[in-house]
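Numbering (our numbering), first residue to last: 2 to 456.
Even for Gly, the Cβ is constructed at its ideal location relative to N, Cα and C.
Here's the structure, in C-alpha cells; my notes come after.
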Amino acid sequence: MLNLPDAFKELLSLDQSEQSDFIDALNDSPPISLRVNPLKAHILNADGRVAWCEHGYYLNERPRYTSDPAFHAGAYYPQEASSMFLENVVKALELDQTAITALDLCAAPGGKSTLLRQVLGKNSLLVANEVIQSRVKLLEENLTKWGQPGIMVTNADPKQFASLGPAFDLVVVDAPCSGEGMFRKQPDSIDQWSLDSVKLCASRQKRILSDVWPSLKPGGILIYSTCTYNQFENEENLEWLTNEQSAIPVDLSNVPELGAKRVQRMGVNAFRFMPHIAKGEGFFIAAVRKDGSIKPSKNKKAKSRLDMRQFKNISDGYGVVADWQGNGFQVNIDQLATIEHISSTVKTTMLGFPLGRMIKDRDIKWGHGAAMLTNLSLNFPRIELDLLGALKFLEKQDIQDIKAPKGGVQVFFEGFSLGIGRVQQNRLISNYPTNWRIRKPAPEQYRRLVESVNR
Ligand code: SAM
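Printed below as a string of C-alpha cells:
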C-alpha cells in the first residue's frame, strides 16, 4: 500500500469517495503502453488501444524491450499512455495540417519529440531541445532510431531561445516537475515529495515559460504539460502566463476528452489525467496562444553552424548539409534558412537527420542514422539475421560464416533495418554505434510485438 503524504492528498481536493478511488487506482499495477512507429511497424500483440493516440497500444505484460531487435530499430517507443494525449491536442488544433516550425523545449529522452515528429506535417521542422548535456545523447539516439526526417537537436537553456526572436509556430513545454503523476510507477519518488519542492518546481516552471515565450511567434501556440496533479505547477502557472505575458487560453472544447478530466477556469483550458478515471498515469496538458498583435523583437545573429560549401542537393526536396566537424545531415531544403538561423544562435548538436561523415568530393560515408532513416534507401547488399545474430550485431560482436561479398552491407532482422556492417573474409563486422550497443541481451525472454511494414 503506497504511503501518500497528507499534504499531497489535501492538494488533490477530491471528495472522500473519489479520493479513495484514486488511492485504490494508485495501488493497482500501472498499465504498460507503447507507441508504434507507423513508418516501420504494425503491432502484433496488444491488449487494447490507447483511445487518444492513433498508434498507442496497451500490452498485458512488460516485455524485455532490450532483447527485442525491433525496439533498437525504432519500430516502437515505450511511452506512458496519458502523455500520448499530446497527439489529440495537436490534431484538434490542426497543427498537423500545415508546415510549421515547432520547438519541444524539454525534450529528453524524446517521448513527446518522437510523437510530435510523427504527427506534424511532413514539411514541418521539429527542434528538440534538452538543456542537460548528459541527456542530449539519449534524445539524439531516440530520434535517430525513430527515423523520421525534419528534425534538429539543440542543447540550450530556455533563455537562449529568446535571442532567436519569434521563430516558432508551436512551443511544447513538457516541464520538469515534482513527478506526482509517476508515484505508481516510481513509488520511491513519494519520499522526495514535499510542498516546498512543489513550490520550487512551480517557480522554475514560470521561469522556463517566461524565458521561452519571446521565441513564440505572434498567433503561435504554446502547449504546457506536467506529470503532476497539483494546481501550483498547473493551473496557477497558466493563470500567471495569462496575466503576465498576455497569453490567451486556447479553446479546447473540440478536443475529445476520451477519459481525461476537462479543466476550465479563468485563464485555463486544460485536461487532467487521473489513474482512477483513465488508463494511464497522472498528467496535465493545456494550450495558450500568443496575441497576434504583439510586435516581434529583433533577432541577433551569430556564427553559422552550417558549412554551406558542403551543401548537397539530393532530391524530393531534401539535401545534405555539414557542420564544421564534417558530420552530414539530411535537411528539408525549404527549412535551410530556419535551420541556419537557429543553429547560429543556440547550441545545436544535430542540424538535421544524421547521415554520416562528409568525405572529399562532397560524398558521404554512411553512418548508422542513414540505415534508420525512413525516406532513404541505401544501395548496400542486404543481410537478414536471425534473432541470435541480430542480438550479436546489436552487441557489436562479429558474426562468422556470412556468405556475402566483401564490403559494406545493411543488416536486417525480420525486415527491420538494424544498421550497417562490413563483410570481411565471411565475417560480419558490426558498425553499430558503440554507445548504443546492448550489453545484456536475454533472447529467451524475447517476445515478438511488431511486424515490419516492409515485409
Ligand atoms: N518531454 C520528455 C519526454 O516526453 O520524453 C520528458 C521531459 S521531462 C518531463 C523534463 C525535461 O526537462 C528533462 O529532460 C529535464 O532534463 C529538462 N529540464 C530540467 N531542468 C530544466 C530547465 N531548467 N529548463 C529546461 N528543461 C529542463
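Rounded C-alpha distance that separates residue i from residue j
i      : j      : result
Asn427 : Ile400 : 9 Å
Ser211 : Gln246 : 8 Å
Leu15  : Ser179 : 19 Å
Gly320 : Ile421 : 21 Å
Val256 : Ile384 : 46 Å
Phe477 : Tyr66  : Past the edges of the chain, shown from 2 to 456, lies residue 477, and the structure says nothing about it.
Lys146 : Thr102 : 22 Å
Thr243 : Glu88  : 24 Å
Pro6   : Ser198 : 13 Å
Ser164 : Ala338 : 16 Å
Val347 : Asp387 : 43 Å
Phe10  : Leu201 : At residue 10 the sequence reads Lys, which differs from the Phe that was named. When rounded, the distance between both Cα atoms is 19 Å.
Asp335 : Val128 : 15 Å
Glu62  : Gly283 : 20 Å
Ser30  : Ala323 : 47 Å
Lys441 : Val454 : 28 Å
Gly112 : Val51  : 15 Å
N- and C-terminal bounds of the alpha helix (DSSP H) containing residue i
i      : result
Phe23  : 17–27
Arg266 : No alpha helix (DSSP H) contains Arg266, which is instead part of the beta strand (DSSP E) from 262–266.
Thr155 : Per DSSP, Thr155 belongs to no alpha helix (DSSP H); it is in the beta strand (DSSP E), 152–155.
Arg449 : Here Arg449 belongs to no alpha helix (DSSP H), and DSSP marks it neither H nor E.
Leu239 : 236–246
Met359 : Note, Met359: premise wrong, no alpha helix (DSSP H); beta strand (DSSP E) at 354–360.
Ala52  : Per DSSP, Ala52 belongs to no alpha helix (DSSP H) and is neither H nor E.
Phe285 : Segment 284–290 is the beta strand (DSSP E) holding Phe285; no alpha helix (DSSP H) there.
Gln134 : 134–147
Asp364 : Premise fails: Asp364 lies in the beta strand (DSSP E), 364–367, not in any alpha helix (DSSP H).
Lys92  : 86–93
Gly112 : 112–120
Lys10  : 7–13
Glu396 : 388–396
Gln336 : Premise fails: Gln336 is in no alpha helix (DSSP H) and is neither H nor E.
Asp317 : Premise fails: Asp317 is in no alpha helix (DSSP H) and is neither H nor E.
Minimum C-alpha distance to residue i - residue among the options
i      : options                        : result
Thr1   : Phe86, Leu307, Leu116          : Missing from the structure shown is residue 1; the chain here goes from 2 to 456 and no further.
Glu415 : Thr115, Asp212, Leu392         : Leu392
Asp48  : Ile384, Ile421, Ala82          : Ala82
Leu356 : Pro150, Tyr447, Lys41, Ile33   : Pro150
Ser294 : Gly220, Arg273, Thr99          : Gly220
Val213 : Ala168, Lys291, Lys160         : Lys160
Leu139 : Asn124, His73, Leu386          : His73
Asp119 : His277, Lys41, Ile430, Pro444  : First, the amino acid is wrong: residue 119 is Gln here, not Asp. It is Lys41.
Tyr78  : Ala52, Leu117, Val91, Gln98    : Leu117
Cys54  : Ser195, Pro215, Met183, Ala261 : Ala261
Leu259 : Val90, Leu379, Ala76           : Val90
Leu144 : Arg185, Ala76, Arg208, Val264  : Ala76
Ala271 : Pro250, Gly368, Phe169         : Pro250
Asn231 : Ile222, Lys218, Ile209, Val264 : Val264
Leu3   : Asp192, Ala52, Ser254, Ser84   : Asp192
Lys123 : Val332, Trp325, Asn314         : Val332
Leu239 : Arg50, Phe285, Leu307          : Phe285
Lys361 : Ala93, Gly329, Ala288          : Gly329
Val451 : Asn38, Leu27, Glu19            : Asn38
Leu60  : Ser453, Asn455, Arg449         : Arg449
Asp402 : Gln411, Val410, Gln425         : Gln425
heavy atom of the ligand NAD below 8 Å from residue i C-beta
i      : result
Lys280 : Judged by which ligands are present, the ligand NAD is missing from the structure shown, whose ligands are the ligand SAM.
Buried or exposed (CB count within 10 angstroms, at least 16 for buried), residue i
i      : result
Ala8   : exposed
Pro188 : exposed
Thr350 : buried
Ser418 : buried
Glu131 : buried
Asp252 : exposed
Glu95  : exposed
Thr229 : buried
Met183 : buried
Ile224 : buried
Trp194 : buried
Glu236 : buried
Thr155 : buried
Boundaries of the beta strand (DSSP E) in which residue i is found, first to last residue
i      : result
Val173 : 169–175
Thr346 : Premise fails: Thr346 is in no beta strand (DSSP E) and is neither H nor E.
Ala71  : Taken as a continuous stretch (DSSP letters only), Ala71 belongs to no beta strand (DSSP E), being part of the alpha helix (DSSP H) at 70–73.
Val332 : 328–333
Gln193 : That residue, Gln193, is in no beta strand (DSSP E); its alpha helix (DSSP H) goes 190–193.
Asn270 : 269–274
Counterpart residues of residue i in DSSP-defined beta bridges
i      : result
Gln425 : Arg428
His43  : Glu452
Arg205 : Bridge partners of Arg205: none, in fact.
Pro79  : Leu35
Pro250 : Val289
Asn130 : Thr155
Closer than 9 Å to chain B by CB, residue i
i     : result
Tyr78 : Structure shown: chain B not included; a single protein chain is present.
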